[in-house]
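Scroll down for the structure; my scribbles are underneath it.
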Amino acid sequence: MYKTLHLKEWSASKTNIVILAAIVTVVLVVSIISYQYSTFTSNKIAEISSQEVRSNARIEVHDLSQILSNKLQTVSALLQTLTPSPLIQNDTYQKSAFILFNSRQLATSELTNFYMWLNKDGKIVWISNMNQTTYQKYKGTDLSYRPYFTLPKTTHTAYYSSLIDSNDKIPRLYISYPVFNNSTGTVDTGIDKSENTRVGGIFKGVVVAGIRADTLGNLLKNHLFSQFNSTIGLLDRNGIILYTNPQQYVGEYIFGNKFQSVLSSALNPPESKNLLNGLIKRSLQGYTGSGDILVNGKMNTIAYEPVAAGGKNFLTLYISAQQNLATNVSTLIDQQRYFTLLVVTIIAAVAIIVAFLVFSWNRRLETTVGARTAELALANEQLKVHDKMQREFINIASHEMKTPTQAILGYSKLIQRHPEKREEMIQAISRNATRLQRLTNDILDVTRIESQSLRLNLERFNLNDVISDVVEDYRSELEKSKGRVKLLHEQLNEIIYVEADKNRLSQVISNLLSNAIKFTKEGTITVKGEIKDSKALVTIKDTGQGIDPEIIPRLFSKFVAKSESGTGLGLFISKSIVEAHGGKIWAGNNHSDANGRGATFTFSLPLLRPTEGETTAGTAEGAATKP
């Protein structure tokens, strides 16, 4: 009797411990999920605020570029209207000519420093914005050696200079037009043929507008939105600094040793210098864009856009904006995260204390709830089985649906940022949504495969098109995650015709790419489509950790996986789909490579002969790789 009672007490105590452990586990799981969700939401908010800074920087640099470009065009137009003036054509050195130049200087005083007239010998005839004493000092000064005189004279075209040190040691930019007599002929303004000025062949001099570099910078600062915390930089087309803060670097070559040494000491981490130099090189080629540079632990967005003058890229404008908004938001998010963690911890502690109290009270009621204990134990086991099935279902669903879902989300956000590409992005969203709808049936595919009832919607198509679509979806995902994996599509410029289920083959390529990305922390993943031995081959090669030799014999079986994520169904489904098409799939490690890293997955399909007018021949240049 005593022994039986002791066994019952021990059994009840053991049951209590098990139930207590289950409660603690549930509380911990809920706490972890809550914290992870809070972290995910926080990161999303921080990313949105950072994107807001990037968007504002791009808008601001575009507006300033347009303002400056319009003002430069105004200066060019005023210079052009001077060339046919009778005062200049007749070499009339009168006060009215002086007024003619001064009126233009007043019209563009926000930008220009002076307007000047040089005669056919390159000597100063008139110069605006000067008192009589200063004018007499410079009158007749020989500037025939200056490029703003020699080039318009010899080329008969408008001239837009790089940075030039003037006689007064002040760095300036110059815009000049040649003056000819009013006979026949044209001067190429560099803007538009309709704006060319009819002139003769007798050279009579040039008209010039001088623009101080510091005036140019101050003009941009005055038009910068005051509440937008940013700084301005300006380069000429040769990479010479026209404006920056501090001013001591004006006139320096952006890639010269002096300025580069300053960047090396100012930018931390060192990789930021290489990123900045790459961004500047791209901008000097006339591109518009932006990039994020980490400077001493703080993220800065640099937006750039060329400034056009005379129909060409004359200058390049930069705006650097520190992501203070993102930093402030991040601080608030961290506070919210810590508060959430504190609340979750308190709830967990209270739950554990309540559980202990409940079980202490429960000991007094054990004699009346004995029968219930057995029922609860059975229910607990059923819950565990149900929980396991639910986890397997969630793992399968997330593994198979992750890629199209992320693609849809990515293109949805891009529509907001680039409405001009709306149609293209809607097509991409539609394509991925269709794929997602079909992927929801993959869980049932295993049953269909085993019962040999898998159905294929066969159609004739170019296999390279399917490969390109899948690669582009994954490349977009990799670029957003800023990972260190480079995805390449090696295309032999062939049209590979097959008769197959396009969505099923897309599913196979997606599964293989997903596995390659999962096991490749950094390096290269190459996807190649080719024709070999009258078969269509698709090869996915990575430089990751390779395949564990232990699972190679069972690689394409169900539930075979060496990672904590995934259920191991992807390769099983892929193998079944390929074989249903009459093809084969195989894999192995890259032991033949020099570095001996990574794995290669290949599958083959029956090749469809091209119809009349179609060709599978590649270009004469051979293979091409799309980065």
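Residue numbering for the sequence shown follows this note's numbering, beginning at 1258 and increasing consecutively.
We put the CB at the ideal spot given by N, CA and C, even for glycine.
Note that the structure is predicted; figures quoted are calculated from it, not measured.
Taken through DSSP and simplified to helix, strand or coil, T1501 comes out as coil. Look at the region 1693 to 1737 and you find these whole runs of beta strand (DSSP E), each 3 residues long or longer: 1716 to 1719.
The criterion of a C-beta distance shorter than 7 Å is satisfied by D1730 and A1664. Check the Cα spacing between L1325 and each of K1377, H1480, R1732, I1280: the tightest is with H1480.
By a beta-carbon distance limit of 8 Å, D1799 contacts A1773. Their separation comes to about 4 Å. Excluding five sequence positions before and after N1570, the CB atoms of its chain that fall closer than 8 Å to its own CB belong to R1494, G1543, P1563, V1564, given in chain order.
Here F1482 is exposed: its Cβ has fewer than 16 other Cβ atoms, across all protein chains shown, within 10 Å. For the pair of segments examined, the region 1774 to 1781 was found not to touch the region 1711 to 1719: the number of CB pairs separated by less than 8 Å stays below three. By the 16-neighbour rule on beta-carbons within 10 angstroms, R1429 is buried. Taking 7 Å as the cut-off, the Cβ atoms of A1690 and A1314 do not count as close.
Under the three-state reduction of DSSP, G1840 is assigned to coil, being neither helix nor strand. I1511 places its beta carbon less than 7 Å from that of G1496. Straight-line spacing of the CA atoms in E1787 and K1670 works out to 35 Å.
Contact between T1558 and V1310 holds: their C-beta atoms lie close to 5 Å from each other, under 8 Å. Taking a 10 Å sphere around the C-beta of A1523, we find fewer than 16 other C-beta atoms and assign the residue as exposed.
Within its own chain, the residues whose Cβ lies closer than 7 Å to the Cβ of S1521, once the five positions on either side in sequence are excluded, are K1530, listed in chain order. Excluding the 5 residues flanking it on each side, R1705 has same chain C-beta neighbours closer than 8 Å at L1711, R1712, in chain order. With 16 or more neighbouring CB atoms inside 10 Å of its own CB, N1768 falls in the buried class. For E1528, the enclosing alpha helix (DSSP H) starts and ends at 1528 to 1541. The three-state secondary structure of M1556, taken from DSSP, is strand. If you compare the alpha carbons of L1599, E1736, G1801, L1541 with that of L1574, the shortest gap goes to L1541. When the alpha-carbon of I1766 is set against those of V1755, T1796, Y1754, N1370, the nearest one is in T1796. Counting only the Cα atoms, G1474 lies some 38 Å from G1667.
Residue pairing by DSSP places G1801 opposite no residue, since no beta bridge is assigned to it. For K1377, the closest C-alpha among the options Q1362, Q1346, K1461 is that of K1461.
Counting only the Cα atoms, L1735 lies some 41 Å from A1278. Using a Cβ distance threshold of 7 Å, I1459 and L1368 do not count as a contacting pair. For I1774, the uninterrupted alpha helix (DSSP H) run begins and ends at 1759 to 1775, by DSSP. Linking T1390 to G1508 through their CA atoms gives a straight-line distance of about 30 Å. A straight-line Cα-Cα distance of about 37 Å links P1435 and T1488.
Going by beta carbons, M1373 and I1384 fall inside the 7 Å limit. Here DSSP, grouped into helix, strand and coil, assigns E1681 to helix. In this structure, L1400 sits away from R1361, with a CB-CB distance that is not shorter than 7 Å. Here F1813 is buried: its Cβ has 16 or more other Cβ atoms, across all protein chains shown, within 10 Å.
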